[in-house]
Amino acid sequence: MATRTRFAPDRQLSARMGLTVFLLGLVYVAFVAVLIVLIKSIAAVVVIAGGLLLAQYWFSDRIALYAMGGREVTAAQAPELHAVIDRLCALADMPKPRVAIADTDLPNAFATGRTPQRAVVCVTTGLLRRLEPAELDGVLAHELSHIAHRDVAVMTVASFLGVLAGLVARFGLYSGMLGGRGRRNQDGNLVAVALLVTGVSAVVYAVSFLLIRALSRYRELAADRAGAILTGQPAALASALTKVSGQMARIPTRDLRTAQAFNAFFFTPALGQHASLATLLSTHPPLQQRLDRLATLSRQL
Amino acid sequence: MRFLDVLLGRTRPVQPNLDVLFAVPSAADTLHAALDLRPTGTGAVCFKQPEGAAAAGARGDLTDLLTLSPDTRVTVSRDEYGYTWVTCTRTDHDLPALVTDLHAVNITLADAGFGPALLCTVIGFTTGDGRRLGLVYLFKRGTVYPFAPTGAQRRDTTLELQVRAELGADIPTEPDLSRWFPIWGTPVP
């Protein structure tokens, strides 16, 4: 059957995301090559970093739910929320994720879990209280798109070597400061190698950090887009975005601080007042850009 | 989903499979023989109406199309979740004709580019002792599952499982029970 859809593919977004992924890969290949040339026993570092990330990947649903105080709800406990998700999953032909509600007034939602089969969608009571049904539809479609795009897996894989580089840089820095002095005469060569590895790792860490943030922003845009196409109502998602981000600044600081570690999985990050400072460093694109993209989609209809 | 789509964060809108609907009349014969279920002559198509003028135009086309047939009464309504229901009622209880009507609705929507927005088609049945059952056709899966509501937020799972057992070979039934999602408060069944 011929594909009939009113939405043209967003080639620019695909191209940018492709370029970011490519650059990230390039940085990593160069890093691994330098590591292999410079030091022989990197096995320990790789095992440690790999283990940490694997654990994070494997238990991503439980970690995020536990940190946000989310509890899973059955269809009997939250029939409306389940019905909305049921319908969206039937529209998108994807397995239904587990549903959780976090008891906090911070209006937000996140999706996590390593595969679509083990995914969890969590919304806060603050979000349920503030949004209209059509807006909630849009937010949930955005989160379901994160699951469909396997964002937890992609971001975990993408950040693996960045975390590894960060560990190597830190490890090199400490060991250089502690044990470097006395042995300079015996093996100056070794110290030079250690310094070089530390330097390279630091650079790799910095570059990959920026690239991962860019990737995260593009994936947010992609999820916005896919979510709006799924519900057919970009305007409802845009209105939810403005509502949620307008109210983020008014939330008590204690909640903001406890929530900041989980920004990567959030619908809009809990940045508070300083959001304008660092577009380059943020995990989510600025509100204006997201609204512009949604308006473009809306015009296509 | 293809690897590249995952890497680039794209989803392809799922296109509906419309033809399985024509297997419903023969399945209905089986249900009538085995469980005394009769078609009520009512069926409905549910879709998520996108915003914008194109969707409103498609809806106008629909009403024009369906008022052509004298035996069919068409009503359009919105439910509490923001989905639109096009309900067709045939006074003569002619199931093959009803299926053709519903198929026409689906084709019209799909041709207008709203195929990905189609959620399900429901065809109403009733038992001799007044229990209601809807055969829900999921476009994206190309499968059918039974839904038997009994009052508020309760479903008659026994009847549903009997229907699944009887349908067996006549029509593809949804194997994944977690996708038999309830549709409360809808025009059909």
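Those protein sequence lines, which keep their order, are chains A and B. For the first sequence, my numbering begins at 1 and goes up steadily by one. For the second sequence, my numbering begins at 1 and goes up steadily by one. A virtual CB, placed ideally from N, CA and C, is assigned to each residue, including glycine. Predicted model, so just to flag it, every value in this text is computed and none were measured.
Short check: CB of residue i to CB of residue j, under 8 Å?
i: S216 of chain A; j: T125 of chain A; result: no
i: S239 of chain A; j: E135 of chain A; result: yes
i: I171 of chain B; j: V20 of chain B; result: yes
i: I212 of chain A; j: A158 of chain A; result: yes
i: K48 of chain B; j: G232 of chain A; result: yes
i: R350 of chain A; j: H149 of chain A; result: Only positions 1 to 301 of chain A appear in this structure, which leaves residue 350 of chain A out of reach.
i: A44 of chain B; j: V163 of chain B; result: no
i: A28 of chain B; j: L138 of chain B; result: no
i: V121 of chain A; j: L106 of chain A; result: no
i: A64 of chain A; j: F110 of chain A; result: yes
i: T156 of chain A; j: L53 of chain A; result: yes
i: P25 of chain B; j: V86 of chain B; result: no
i: G18 of chain A; j: L8 of chain B; result: yes
i: L294 of chain A; j: L230 of chain A; result: no
i: D224 of chain A; j: H142 of chain A; result: yes
i: L109 of chain B; j: L119 of chain B; result: no
i: A153 of chain A; j: R114 of chain A; result: yes
i: C88 of chain B; j: T72 of chain B; result: yes
i: A23 of chain B; j: A58 of chain B; result: no
Excluding the 5 residues preceding and the 5 following residue i in the sequence, name in chain order all residues of the same chain whose CB lies nearer than 7 Å to its CB.
i: A30 of chain A; result: none
i: P285 of chain A; result: R217, E220, L221
i: S201 of chain A; result: A165, V168, A169, G172
i: G70 of chain A; result: A100, I101, A102, C122
i: R38 of chain B; result: H32, F125, T126
i: H82 of chain A; result: A75, V99
i: V204 of chain A; result: V27, F31, A165
Can you confirm whether residue i, when its beta carbon is compared against all beta carbons of chain B, has any partner nearer than 8 Å?
i: T74 of chain A; result: no
i: R87 of chain A; result: yes
i: V84 of chain A; result: yes
i: G162 of chain A; result: no
i: K96 of chain A; result: yes
i: M68 of chain A; result: no
i: G232 of chain A; result: yes
i: L190 of chain A; result: no
i: A214 of chain A; result: no
i: L318 of chain A; result: Outside the displayed range of chain A (1 to 301) lies residue 318 of chain A, so it cannot be described from this structure.
i: A295 of chain A; result: no
i: P79 of chain A; result: yes
i: S298 of chain A; result: yes
i: A194 of chain A; result: no
Beta-carbon of residue i versus every beta-carbon of chain A: anything under 8 Å?
i: F181 of chain B; result: yes
i: R154 of chain B; result: no
i: P50 of chain B; result: yes
i: S178 of chain B; result: yes
i: G60 of chain B; result: no
i: E160 of chain B; result: no
i: R38 of chain B; result: no
i: L35 of chain B; result: no
i: R164 of chain B; result: no
i: R10 of chain B; result: yes
Beta-carbon within less than 6 Å of residue i's beta-carbon, same chain only, minus the 5 sequence neighbours each way: which residues are those?
i: A34 of chain B; result: E166
i: H103 of chain B; result: L21
i: A169 of chain B; result: none
i: I107 of chain B; result: none
i: D255 of chain A; result: Low confidence applies here, because D255 of chain A scores a pLDDT of 48, under 50, leaving its location unreliable and the question unanswered by this model.
i: R129 of chain A; result: none
i: G115 of chain B; result: Q15, P16
i: R78 of chain B; result: T84
i: V122 of chain B; result: A44, G134, V136, V188
Where do the N-terminal and C-terminal ends of the beta strand (DSSP E) with residue i fall, by residue?
i: G138 of chain A; result: It is not in any beta strand (DSSP E) - G138 of chain A instead sits in the alpha helix (DSSP H) that spans 133 to 148.
i: A111 of chain A; result: 109 to 112
i: E80 of chain B; result: Where E80 of chain B is concerned, there is no enclosing beta strand (DSSP E), given that its DSSP letter is neither H nor E.
i: L106 of chain A; result: Run containing L106 of chain A: none; DSSP gives neither H nor E here.
i: E174 of chain B; result: Per DSSP, E174 of chain B belongs to no beta strand (DSSP E) and is neither H nor E.
i: T127 of chain B; result: 118 to 127
i: R87 of chain A; result: Where R87 of chain A is concerned, there is no enclosing beta strand (DSSP E), although the alpha helix (DSSP H) it sits in stretches over 79 to 92.
i: G134 of chain B; result: 132 to 138
i: P96 of chain B; result: That residue, P96 of chain B, is in no beta strand (DSSP E); its alpha helix (DSSP H) goes 95 to 109.
Go to residue i, then tell me how far its alpha helix (DSSP H) extends in each direction, as first and last residue.
i: S298 of chain A; result: 287 to 300
i: S26 of chain B; result: 24 to 35
i: R164 of chain B; result: 157 to 167
i: R12 of chain B; result: R12 of chain B -> no alpha helix (DSSP H), and no H or E assigned at all.
Keeping to the same chain, check which residues put their C-beta closer than 8 Å to that of residue i; ignore five residues upstream and five downstream.
i: E174 of chain B; result: L138, R141, T143, V144, Y145, W180
Looking at the ligand COA, does it come within less than 7 Å of residue i, judged from the CB to the closest heavy atom?
i: A15 of chain A; result: Summarising the ligand content, the structure contains no ligands, and the ligand COA is consequently not present.
Short-range partners of chain A found in the stretch 100 to 122 of chain B, where Cβ spacing is below 9 Å: A110, D111, A112, G113, F114, G115, P116, A117, L118, L119, C120
Against chain E: residues of the stretch 61 to 86 of chain B by CB proximity under 8 Å: Protein chains A and B are contained in the structure displayed, whereas chain E is not.
Members of the stretch 121 to 148 of chain B near chain A, C-beta cut-off 9 Å: L138, F139, K140, R141
Near-chain B residues of the stretch 12 to 29 of chain A - C-beta to any C-beta below 7 Å: S14, M17, G18, V21
Positions along the stretch 123 to 152 of chain A whose CB lies within less than 7 Å of some CB in chain B: P133, A134, D137, S145, A148, H149, R150
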